[in-house]
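Right, one structure below, let's go through it.
6 protein chains.
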Amino acid sequence: MFYTDGRLQYPVRVETPDPVFARALQQAIGGVEGEIRVCLQYMFQAFGARGPAKYRDMLLNTATEELGHIEMLATAVALNLEGAPLSMQEDAAADAVAGSVMNGMDFRHLLSTGLAALPADANGVPFDTSHVYASGNLAADMYANVAAESSGRVLAVRLHKMTQDPGMKDMLAFLIARDTMHQQQWLAAIEDMGGAANLPIPDSFPQEQEKTEFSYAYFGHRRDGAIPEGRWTNGPSMDGKGEFGARISEPLGEEPMLAPARPDGGGQSIQSARSGRTGVLGTIEGAIERNL
Amino acid sequence: MFYTDGRLQYPVRVETPDPVFARALQQAIGGVEGEIRVCLQYMFQAFGARGPAKYRDMLLNTATEELGHIEMLATAVALNLEGAPLSMQEDAAADAVAGSVMNGMDFRHLLSTGLAALPADANGVPFDTSHVYASGNLAADMYANVAAESSGRVLAVRLHKMTQDPGMKDMLAFLIARDTMHQQQWLAAIEDMGGAANLPIPDSFPQEQEKTEFSYAYFGHRRDGAIPEGRWTNGPSMDGKGEFGARISEPLGEEPMLAPARPDGGGQSIQSARSGRTGVLGTIEGAIERNL
Amino acid sequence: MFYTDGRLQYPVRVETPDPVFARALQQAIGGVEGEIRVCLQYMFQAFGARGPAKYRDMLLNTATEELGHIEMLATAVALNLEGAPLSMQEDAAADAVAGSVMNGMDFRHLLSTGLAALPADANGVPFDTSHVYASGNLAADMYANVAAESSGRVLAVRLHKMTQDPGMKDMLAFLIARDTMHQQQWLAAIEDMGGAANLPIPDSFPQEQEKTEFSYAYFGHRRDGAIPEGRWTNGPSMDGKGEFGARISEPLGEEPMLAPARPDGGGQSIQSARSGRTGVLGTIEGAIERNL
Amino acid sequence: MFYTDGRLQYPVRVETPDPVFARALQQAIGGVEGEIRVCLQYMFQAFGARGPAKYRDMLLNTATEELGHIEMLATAVALNLEGAPLSMQEDAAADAVAGSVMNGMDFRHLLSTGLAALPADANGVPFDTSHVYASGNLAADMYANVAAESSGRVLAVRLHKMTQDPGMKDMLAFLIARDTMHQQQWLAAIEDMGGAANLPIPDSFPQEQEKTEFSYAYFGHRRDGAIPEGRWTNGPSMDGKGEFGARISEPLGEEPMLAPARPDGGGQSIQSARSGRTGVLGTIEGAIERNL
Amino acid sequence: MFYTDGRLQYPVRVETPDPVFARALQQAIGGVEGEIRVCLQYMFQAFGARGPAKYRDMLLNTATEELGHIEMLATAVALNLEGAPLSMQEDAAADAVAGSVMNGMDFRHLLSTGLAALPADANGVPFDTSHVYASGNLAADMYANVAAESSGRVLAVRLHKMTQDPGMKDMLAFLIARDTMHQQQWLAAIEDMGGAANLPIPDSFPQEQEKTEFSYAYFGHRRDGAIPEGRWTNGPSMDGKGEFGARISEPLGEEPMLAPARPDGGGQSIQSARSGRTGVLGTIEGAIERNL
Amino acid sequence: MFYTDGRLQYPVRVETPDPVFARALQQAIGGVEGEIRVCLQYMFQAFGARGPAKYRDMLLNTATEELGHIEMLATAVALNLEGAPLSMQEDAAADAVAGSVMNGMDFRHLLSTGLAALPADANGVPFDTSHVYASGNLAADMYANVAAESSGRVLAVRLHKMTQDPGMKDMLAFLIARDTMHQQQWLAAIEDMGGAANLPIPDSFPQEQEKTEFSYAYFGHRRDGAIPEGRWTNGPSMDGKGEFGARISEPLGEEPMLAPARPDGGGQSIQSARSGRTGVLGTIEGAIERNL
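Chains as they are written, first to last, in our numbering: chain Z, 1 to 292; chain Y, 1001 to 1292; chain R, 2001 to 2292; chain G, 3001 to 3292; chain W, 4001 to 4292; chain C, 5001 to 5292.
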């Protein structure tokens, strides 16, 4: 259960409203790198957490913080929209360059919200909750969280670069710091749960049941057999359970052959014949000779 | 540019076709944990990779492998659908329990594909490419990849548990091994790029420009001030640049106050009045006295 | 900014876990009639509210309550999934009817969440935030909220009917009561803002600028000229500003005629000819004579 | 079954084509406030209507009208696109300001439709039919319709403000009038069905089965106990069945405790331990002392 | 502008309601092969048609027919849902097999519509209007329409196979006939516009501006150089403008090399180095020797 | 299984990077007319192909080619973004017209990808795999492929028109040529399978089971009985099995009448009454007399 005090976690000031920057800020609200995503992701991870309660509690706590970040950013969008032109005429009058402010705006800020934030990204694409990664495996979820906070901080840094407004830069500097902490927090949680001992994820599957000859081998799929070398082709594996190697990938299976279509299954009649794998392929030489 | 040889990377056998398991397998094709996602994710990370070419090459290579996993799973779905009932009548006849096989099937396997795989998840929800995380920051992307392979291996392990078919178990044991490797690979890539020195991500933002007093502090949002302790509230931070701490979160900002609506902006007339923050809130005691 | 105390707003008990009912409950979490929707809808209405602060405060407050309803329902889903079969074999063993429990389950409860709730509806379709109606017009939003709580209560009543579990019935009886209140609350807010004086919405548009001869007329589009009568064809209009009437709808505009396609615009050559409206239509008699 | 006469319900004229305004108009076609939505919504409400036939007939009739509104707006979009630049070069030549018209356009008007309307919103996001609210409860649907026509009229008013074109203003003045009527119509239908007697919706659920002590109480979730007062905390409820009151929301349930994860369920090993609710939470003081 | 007479184009009878078949029928309403799609597709093609008016008129006419097919199918769904169980208990009682009917149903038929149709497919996935293909090129659109009616007839045939209900079979036999006609109609329209002379589409692009050496060559991408022969590798091309041939596809471009990342662009520091294409790739032999 | 050689199928050069054109190019990557779509469409058609293996092989081969087109276009987007402004300030400095470049850009190119391609369309809408048409009927799929390549070539031609960059024009001229071939290829495959003998699709349904009196009749739905004549109303049908004709469409079915709502089904009480079809409709004259 939840409470509010109506105040913002950190001050949100806009010195020079910029309706185009309002569009950019939307990415941090409803983008896949944004705050609705992390808020709901941590919520659902908490709601479904099985095992030691401290992880549930920690997740719920931070989910609650993120909710306040949505609030801050939505406020920032609304403040950047103060004074935006409502008509083509105003737009032309307000600026030496006819149409330029409106051209850069999200029209839905004018048409759908009355100068307020949308739960959508910088292109007006709504957020959808398939991006809420909550797998029921805490280690998998922690890595998903590190990833979310990494792309989140990358986004915040790019927004910080984009604007010159001191108020906006200040707010973003706060959010960047929180993203720093949250990256650290999820990495710390991985350590708290055992660090490398969590690997491979899930750690509860008896590894002898997997095809272990393929478990630490980098597969090369280049036609020329070259292979991009790096830490992933050399030395002990990151879980300490194997040695990295590399091999050229060769097909171990055959060409698939499905049964013919049932005559009453809605296919074409021709599909009810046997697939006739034999003799299908000509040689390119033949085809070239005949046609080119 | 790409090539194929028409064969499967690993054999796909189904001893006892199970049209209901075909539905479950869809999650590994078109689910957010599935192979279309990782294939396109690594592709787009490769296509947009800036910096040392070896990461691009490695990504492109593994993307190419993943394409073959889609092929394997699509084949597995089609093979599990061989012999599925096409009518309510056949369904009733084929089974002691009227309707039971069809009830558990994805009807689109009957209606939309003619007994073949869909690029959709176990609920028939199509994959959408907003799940392709390719941020332009290689370290962020590597963590996204670890996360993807973690939830991918969790899924494969659950499918392995779900079926008793030896052919399917064998195929999944191969895919589980590849997921093991790919988790290792992306972690190795992080080490290859510098390990903890990559943190916080992005490492190119001058950290003194963030609000550093909040960079390593876990914020408690519980009303009672209790805090879930763990590695994230104690000891050196994971990037070695700070010490974890904890604090009760208190609002540093005020209640937001937006300008009144413009009279010609499509709001209600009442919204053009000043917001009148003062005196708005009554006391709960007054309300209770009057009403309850 | 927000807080939690980790407890549930109302007790959630499940006496006999039912994994199929877990699927049904998803509709109340991530369906368009569900709690994620109302929570985010009231949030964004609050964040963007312009005008008297009391509406913002009221909205924010109730948004915060709804967040706790998501929590309750997510817990209910997880509890209904306790003991669900993880394999086809267990499913067959646990029940006299082979396959029946799994057939009725959302497979993603098994495969994607490890027996916990998804932010999705009863068909596994994720929620998307385009359903968050927050128009910047408070009266429009209040009606959207009445609508949301109406379909929400309809859903809760149907879930109440569907289950026999006393714990679930108790929880739903609470949620139904809250939906009752919230319907009342938004209707009360409309009265608080002036009742019928809010109409038509928005009330800030000078009504003489609309084509008032069409403002209170029900248009009949039946080919036979019959008209479905009711309160909407008779008596004073609901805003007290007109009298309802009815008329047969007749086209006041012509057939549209677009310019031909530019030859370099990617159309077919034939499209660059004039549209040739004249003489296009034959008579059905001619066509019939020639062909039937 | 349906018929057309190929003519427009109301004339659509554009004096000065404006390809940027064409983008704005898209919101009224394929936006959530738009005409595809209301058309399909009334259609599906009619198709599924149970009970007195007059509501079905009325709905079907108005759905048929709305179809003609889609036609009008699609025509308006196409006319606004006449003469739009097809290349960067033309764009620069046509305007003193290089690139300005194209920058503000929906590129899909150039690339995907050949200067015609899309069934999408002002950001090019396609309409999806999850927005078609048809609950099987006529009163719930009527409120959904009032809401749809309210946001629809708000949108039309904003478009009317945005443009200076007399033809467009004329067309919008007609559509605004129809939205006025349709708001009235659905409110009249509610009265026709019994007015306040419809409440709470659904009216068919025995209200004594809900937790009535919560049915008319506004819940305060502010941490400081303050409460936003209004009509919703005072006086008789809108359905005449209760008295509004207010109370501070306190949790009536406990902290949720889920069973540990099954060892073979794809979680981490650590999750199979008991959740250990006791002793999890430290005090913030301890954490602060140790770390800050 | 449009009209209705409230009657169905063809009788819809259900002798034995089958709530599971209701789910299957949804695919024909809201599936990508369904009637909402073709209705809106032909509508938007008509609304945006440039060139000879007869094509616009024909499209609008058939769009209007398709609207009536949605109506028929929505009625069929509702009739199949008559008498469906509303609770787990009824479900168990109504059938020897506990849970079996509900398991196979779309729960939203129970929860969201009150036993009526949804504008969604057989998995409850809503229709989205990105499937409305209306390119502004009439020939391209005609082929899209042939494709839509082909998959539509395939679907209708499969539904016809699935059910034994005489009423449903009768209705589907009508819809199948209409799909036959509509396939013919769009092919006839292609002939009407000039047949093969329409090719390649668009026919308005000067073909000498394309790289004509690749215009009639089938490219082989098999690693072994084999090529699947057929009419597409032999004989005159279908547009009569070339001869089919085949060639092994070889890369004509180099490996892409993007500029390094800007240091202030949110990437990792390592990405600001030159990409260093030279010397990146090791030989597989070296990697294998070292590691395996 | 698949391979790559890291090189591009055709050279991709950009002489003058244009970040706005990068947005336009996105349509060819992630739009419904784009390369991700055809690549996955041919893949899934191949994976599920039943019947003669040569069609499977041909499809797989061309799918593999299309993958390389995604690569080319993604590279083109990245190259067009080289040197794009990262801040409002740079944007203003780089151009005489403040804000103009950024206004026309996809902000996600700046914020989400670090100047690289997105798997999304020109409006940033992600691709979703419901557009992958693979019906299990090879003839239906071939027409879907012709349609895809037709709208694909239309798009490429429009992009070719839009840009003046010689490198981009060259790349597009190659892609246009490949679209030419692929249109030819799918038409050739139809001929290869029997040409008109494939019609109607599916050809495996006994045509005497459809309502043949409606199989070759164009239905007129105009209120005035006029009919748009053309090849589709005259002469032999395209499959050679009938004669085209035309008829005025008249309803053959009655007005639908659903059962009343169950009192415990979540509807309104009023809906449990009989539908009372008789006497519902008044005459328009009566309504007009009373009200207007």
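Glycine included, every Cβ here is placed at the ideal spot set by N, Cα and C.
Quiz item: What residues in its chain sit with their C-beta under 8 Å from that of residue 3236 (chain G), if we drop five residues either side in the sequence?
Solution: As a working mapping, residue 3236 (chain G) is identified with position 236 in the fourth sequence. Closer than 8 Å at Cβ, skipping near neighbours: 3242, 3243 and 3244.
Quiz item: Per the contact definition of three or more C-beta pairs closer than 8 Å, is the segment 5158-5174 of chain C in contact with the segment 1141-1161 of chain Y?
Solution: Of all C-beta pairs linking the segment 1141-1161 of chain Y to the segment 5158-5174 of chain C, fewer than three are shorter than 8 Å, placing the two stretches out of contact.
Quiz item: Is the Cβ of residue 4154 (chain W) closer than 9 Å to any Cβ of chain Y?
Solution: Taking the fifth sequence and counting its residues from 1, the one referred to as residue 4154 (chain W) is at position 154. When Cβ-Cβ separations below 9 Å define contact, residue 4154 (chain W) makes contact with chain Y.
Exercise. Going by DSSP, name the residue or residues bridged to residue 1243 (chain Y).
Key: By 1-based counting over the second sequence, the position of residue 1243 (chain Y) is 243. By DSSP's assignment, residue 1243 (chain Y) forms a beta bridge with Y:1236.
Quiz item: Taking the C-alpha atoms as reference points, what is the distance between residue 7 (chain Z) and residue 2063 (chain R)?
Solution: Translated into positions along the first sequence, residue 7 (chain Z) becomes position 7. Translated into positions along the third sequence, residue 2063 (chain R) becomes position 63. Distance from the CA of residue 7 (chain Z) to the CA of residue 2063 (chain R), rounded to the nearest whole angstrom, comes to 15 Å.
Quiz item: What is the DSSP secondary structure of residue 1023 (chain Y), reduced to helix, strand or coil?
Solution: Position 23 of the second sequence, counting from 1, holds the residue named residue 1023 (chain Y). Residue 1023 (chain Y) falls in the helix class under three-state DSSP.
Exercise. Would you decide whether residue 2213 (chain R) is buried or exposed? Buried here means 16 or more other CB atoms lie within 10 Å of its CB.
Key: On the third sequence, position 213 is the one that residue 2213 (chain R) refers to. The C-beta of residue 2213 (chain R) has fewer than 16 other C-beta atoms within 10 Å across all chains shown, which makes the residue exposed.
Quiz item: So is residue 1266 (chain Y) in contact with chain G if we call contact Cβ pairs under 9 Å?
Solution: In the second sequence, counting from the first residue as 1, residue 1266 (chain Y) sits at position 266. Yes, its Cβ sits closer than 9 Å to a Cβ of chain G.
Quiz prompt | Contacts that residue 3191 (chain G) makes with chain R (C-beta to C-beta distance below 8 Å) | solution = The residue labelled residue 3191 (chain G) in the question sits at position 191 within the fourth sequence. Contact annotation for residue 3191 (chain G) against chain R: 2231 and 2238 [CB-CB distance below 8 Å, chain order].
Quiz item: Can you tell me whether DSSP reads residue 2273 (chain R) as helix, strand or coil?
Solution: Within the third sequence, numbered from 1, the residue matching residue 2273 (chain R) stands at position 273. DSSP places residue 2273 (chain R) in the coil class of the three-state scheme, outside both helix and strand.
Quiz item: Between residue 4002 (chain W) and residue 3003 (chain G), is the Cβ-Cβ spacing less than 9 Å?
Solution: Walking along the fifth sequence from the start, residue 4002 (chain W) turns up at place 2. Walking along the fourth sequence from the start, residue 3003 (chain G) turns up at place 3. Yes, the Cβ-Cβ distance between residue 4002 (chain W) and residue 3003 (chain G) is below 9 Å.
Quiz item: In whole angstroms, what is the alpha-carbon distance linking residue 5056 (chain C) and residue 1073 (chain Y)?
Solution: Numbered from 1 along the sixth sequence, position 56 holds the residue referred to as residue 5056 (chain C). Numbered from 1 along the second sequence, position 73 holds the residue referred to as residue 1073 (chain Y). Taking C-alpha positions only, residue 5056 (chain C) is separated from residue 1073 (chain Y) by approximately 16 Å.
Practice problem: Express the C-alpha separation of residue 5075 (chain C) and residue 124 (chain Z) in angstroms, rounding to a whole number. | Solution: Locating residue 124 (chain Z) in the first sequence gives position 124, where the first residue counts as 1. Locating residue 5075 (chain C) in the sixth sequence gives position 75, where the first residue counts as 1. The straight-line gap from Cα to Cα measures roughly 25 Å.
Quiz item: Heavy atom of the ligand HEM less than 8 Å from the Cβ of residue 1238 (chain Y), yes or no?
Solution: Looking for the ligand HEM in the displayed structure turns up nothing, as the structure carries no ligands at all.
Quiz item: So what's residue 4016 (chain W) in DSSP terms, helix, strand or just coil?
Solution: Within the fifth sequence, the letter at position 16 stands for residue 4016 (chain W). When secondary structure is reduced to three states using DSSP, residue 4016 (chain W) falls in the coil class, being assigned neither helix nor strand.
Practice problem: Please classify residue 1015 (chain Y): is it buried, with 16 or more other beta-carbons within 10 angstroms of its beta-carbon, or exposed? | Solution: As a first step, residue 1015 (chain Y) is located in the second sequence; it is residue number 15 there, counting from the start. Flag for residue 1015 (chain Y) reads exposed.
Practice problem: Mind reading off the beta-carbon distance from residue 4050 (chain W) to residue 3114 (chain G)? Whole number of angstroms is fine, and I expect it under 8 Å. | Solution: Your numbering for residue 4050 (chain W) matches position 50 in the fifth sequence. Your numbering for residue 3114 (chain G) matches position 114 in the fourth sequence. That belief holds up - the Cβ atoms of residue 4050 (chain W) and residue 3114 (chain G) are roughly 7 Å apart, short of 8 Å.
Exercise. Return no unless some Cβ of chain W is closer than 9 Å to the Cβ of residue 1098 (chain Y).
Key: For the purposes of this step, residue 1098 (chain Y) is taken as the residue at position 98 of the second sequence. Confidence at residue 1098 (chain Y) is low in this model, with a pLDDT of 47, below 50, so the placement of that residue is unreliable and no value is reported for it.
Quiz item: Ends of the alpha helix (DSSP H) at residue 4152 (chain W)?
Solution: Position 152 of the fifth sequence holds residue 4152 (chain W). Start and end: 4138-4162.
Quiz item: Cβ of residue 2080 (chain R) less than 9 Å from any chain G Cβ?
Solution: Along the third sequence, one-based indexing puts residue 2080 (chain R) at 80. Chain G has no Cβ within less than 9 Å of the Cβ of residue 2080 (chain R).
Practice problem: Can you grab the Cα-Cα spacing for the pair residue 3135 (chain G) / residue 1129 (chain Y), in whole Å? | Solution: Taking the fourth sequence and counting its residues from 1, one reaches residue 3135 (chain G) at position 135. Taking the second sequence and counting its residues from 1, one reaches residue 1129 (chain Y) at position 129. Straight-line Cα distance between these residues: approximately 31 Å.
Self-check item: Residue environment, residue 3179 (chain G), which counts as buried when at least 16 other CB atoms sit within 10 Å
Solution: As a first step, residue 3179 (chain G) must be located in the fourth sequence, where it is residue number 179. Here residue 3179 (chain G) is buried, its C-beta having at least 16 other C-beta atoms within 10 Å.
Practice problem: Identify each residue in the segment 2146-2170 of chain R for which the Cβ-Cβ distance to at least one residue of chain C is less than 7 Å, and report them in chain order. | Solution: Here the close residues are 2154, 2157, 2158 and 2161.
Quiz prompt | Residue of W:4210, W:4122 and W:4258 minimising C-alpha distance to residue 4030 (chain W) | solution = In the fifth sequence, counting from the first residue as 1, residue 4030 (chain W) sits at position 30. The shortest Cα separation from residue 4030 (chain W) among W:4210, W:4122 and W:4258 belongs to W:4122.
Exercise. Give a yes or no on whether the minimum CB-CB distance between residue 4283 (chain W) and chain Y is below 9 Å.
Key: The sequence position of residue 4283 (chain W) within the fifth sequence is 283, counting from 1. A caution first: residue 4283 (chain W) carries a pLDDT of 48, below 50, which makes its placement in the model too unreliable to give a value.
Quiz item: Taking just the CA atoms, how far does residue 2256 (chain R) sit from residue 3005 (chain G)?
Solution: In the fourth sequence, residue 3005 (chain G) corresponds to position 5, counting from 1. In the third sequence, residue 2256 (chain R) corresponds to position 256, counting from 1. Counting only the Cα atoms, residue 2256 (chain R) lies some 12 Å from residue 3005 (chain G).
Exercise. Would you decide whether residue 1224 (chain Y) is buried or exposed? Buried here means 16 or more other CB atoms lie within 10 Å of its CB.
Key: Start at 1 with the first residue of the second sequence, and residue 1224 (chain Y) comes out as number 224. Result: exposed.
Practice problem: Could you give the DSSP three-state label for residue 3119 (chain G): helix, strand or coil? | Solution: Sequence index remark: in the fourth sequence, residue 3119 (chain G) carries index 119 (1-based). In the three-state scheme derived from DSSP, where H, G and I count as helix and E and B as strand, residue 3119 (chain G) is classed as coil.
Quiz prompt | alpha helix (DSSP H) runs wholly inside the segment 4068-4113 of chain W, at least 4 long, in chain order | solution = Fully enclosed alpha helix (DSSP H) runs of 4 or longer: 4088-4094, 4100-4104 and 4107-4111.
Quiz item: Given that a residue counts as buried once 16 or more other Cβ atoms are within 10 Å of its Cβ, and exposed if not, what is residue 2230 (chain R)?
Solution: As a working note, residue 2230 (chain R) is residue 230 in the third sequence. The residue is buried, with at least 16 neighbouring Cβ atoms inside 10 Å.
Quiz item: Listing by chain order, which chain W residues have their CB less than 8 Å from the CB of residue 5173 (chain C)?
Solution: Here the question's residue 5173 (chain C) lines up with position 173 in the sixth sequence. 4209, 4210 and 4211, listed in chain order.
Quiz item: Helix, strand or coil: which one does DSSP assign to residue 1176 (chain Y)?
Solution: In the second sequence, counting from the first residue as 1, residue 1176 (chain Y) sits at position 176. The three-state secondary structure of residue 1176 (chain Y), taken from DSSP, is helix.
Quiz prompt | Span separating the alpha-carbon of residue 1193 (chain Y) from that of residue 132 (chain Z) | solution = Locating residue 1193 (chain Y) in the second sequence gives position 193, counting from the first residue. Locating residue 132 (chain Z) in the first sequence gives position 132, counting from the first residue. One C-alpha to the other measures close to 28 Å.
Quiz item: Contact check, residue 3022 (chain G) vs residue 3080 (chain G) under 8 Å by CB: the rounded distance?
Solution: The count along the fourth sequence starts at 1 and reaches residue 3022 (chain G) at position 22. The count along the fourth sequence starts at 1 and reaches residue 3080 (chain G) at position 80. Indeed they touch by this definition, with Cβ atoms about 4 Å apart.
Quiz prompt | Buried or exposed by the 16-neighbour rule on C-beta atoms within 10 Å, applied to residue 2263 (chain R) | solution = Sequence index remark: in the third sequence, residue 2263 (chain R) carries index 263 (1-based). So residue 2263 (chain R) ends up on the exposed side.
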